[in-house]
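> Taken in order, these protein sequences are the chains called A and S.
Going by the working numbering, the first sequence opens with residue 1, and the numbers climb by one from there.
Going by the working numbering, the second sequence opens with residue 115, and the numbers climb by one from there.
Ideal placement from N, C-alpha and C gives every residue a C-beta, glycine not left out.
Given the structure is predicted, the values throughout are model-derived calculations rather than measurements.
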Amino acid sequence: DAGITQSPRHKVTETGTPVTLRCHQTENHRYMYWYRQDPGHGLRLIHYSYGVKDTDKGEVSDGYSVSRSKTEDFLLTLESATSSQTSVYFCAISGRPGQNTEAFFGQGTRLTVV
Amino acid sequence: AQKVTQAQTEISVVEKEDVTLDCVYETRDTTYYLFWYKQPPSGELVFLIRRNSFDEQNEISGRYSWNFQKSTSSFNFTITASQVVDSAVYFCALSEAGRDDKIIFGKGTRLHILP
Chain A
1 DAGITQSPRH KVTETGTPVT LRCHQTENHR YMYWYRQDPG HGLRLIHYSY GVKDTDKGEV
61 SDGYSVSRSK TEDFLLTLES ATSSQTSVYF CAISGRPGQN TEAFFGQGTR LTVV
Chain S
115 AQKVTQAQTE ISVVEKEDVT LDCVYETRDT TYYLFWYKQP PSGELVFLIR RNSFDEQNEI
175 SGRYSWNFQK STSSFNFTIT ASQVVDSAVY FCALSEAGRD DKIIFGKGTR LHILP
């Protein structure tokens, strides 16, 4: 177990409401990532962080924001949820890719926007 | 820009057959890292291997083997004597070291091992 926890694991929300997903790690890894997984698209990077308060956009960042105020927590916020954001969201952590660390993934959060 | 292509969307083979999953990548960097992950039906993502761009040696781990060829920008994954438990979605991924280290994934190959 890589010490990475996502919460909630399942959520149903209404269109237009804000939603926050939490990723918590106990590994003190520097890098944290949020991906979404959709049929036919694989895993797409939403946002990532390379340190506290250091974040950057990924491939599909529109409609999402992130925050990392502590090493261990990386929050993903859907500012106004839309049906197109129905997906499975994965958080991942790594020390630094290639430097004897691999990326570990959380169990995923299934989000349904109705 | 970095890109990973897994052209095989879905593959079905009969148990005990060998199967190769293709992965082709694009990068401008000379230093980069390649990964394979497995996602079984239960949904979790399981790390299988990491390879850096300076190490072109093929790797074997039990029934799994990986063929890294920089000349063709490929990092293919072979399962020998496949088993039903190998049924999963397999993802290839790339990270360009020295830039922002983000890890980009291919779309995955769904592998069905038929009994």
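#1: Mark Ser87(A) as exposed unless 16 or more other C-beta atoms lie within 10 angstroms of its C-beta, in which case mark it buried.
#2: Give the straight-line distance between the Cα atoms of Leu162(S) and Thr144(S), rounded to the nearest whole angstrom.
#3: In or out: Gln37(A) buried (at least 16 other Cβ within 10 Å) or exposed?
#4: Give the residues of chain S in contact with Leu45(A), contact being defined as C-beta atoms less than 9 Å apart.
#5: Flag this pair as yes or no: are the beta carbons of Thr123(S) and Thr192(S) separated by less than 8 Å?
#6: Which of helix, strand or coil does DSSP assign to Gln107(A)?
#7: Check the Cβ-Cβ distances between His115(A) and every residue of chain S, and say whether any is below 8 Å.
#8: What residues in its chain sit with their C-beta under 7 Å from that of Pro97(A), if we drop five residues either side in the sequence?
#9: When you compare only the Cα positions, how much space is there between Thr141(S) and Glu14(A)?
So, to answer that:
#1: Counting of Cβ neighbours within 10 angstroms places Ser87(A) among the buried residues, the total reaching 16 or more.
#2: Each residue's Cα considered, the two are about 23 Å apart.
#3: In this structure Gln37(A) is buried. Its beta-carbon is surrounded by 16 or more other beta-carbon atoms within 10 angstroms.
#4: What Leu45(A) touches in chain S, judged by beta-carbon distance under 9 Å, is Lys216, Ile217, Ile218 and Phe219, going in chain order.
#5: No, the pair does not count as a contact, with Cβ atoms beyond the cut-off.
#6: It is coil, neither helix nor strand.
#7: The question about residue 115(A) has no answer, for chain A in this structure spans 1 to 114.
#8: Reliability fails at Pro97(A), whose pLDDT of 47 lies under 50, so the model's placement of it is uncertain and the value that follows must be treated cautiously. Here the set comprises Ala103.
#9: A direct Cα-Cα distance of roughly 40 Å separates Thr141(S) from Glu14(A).
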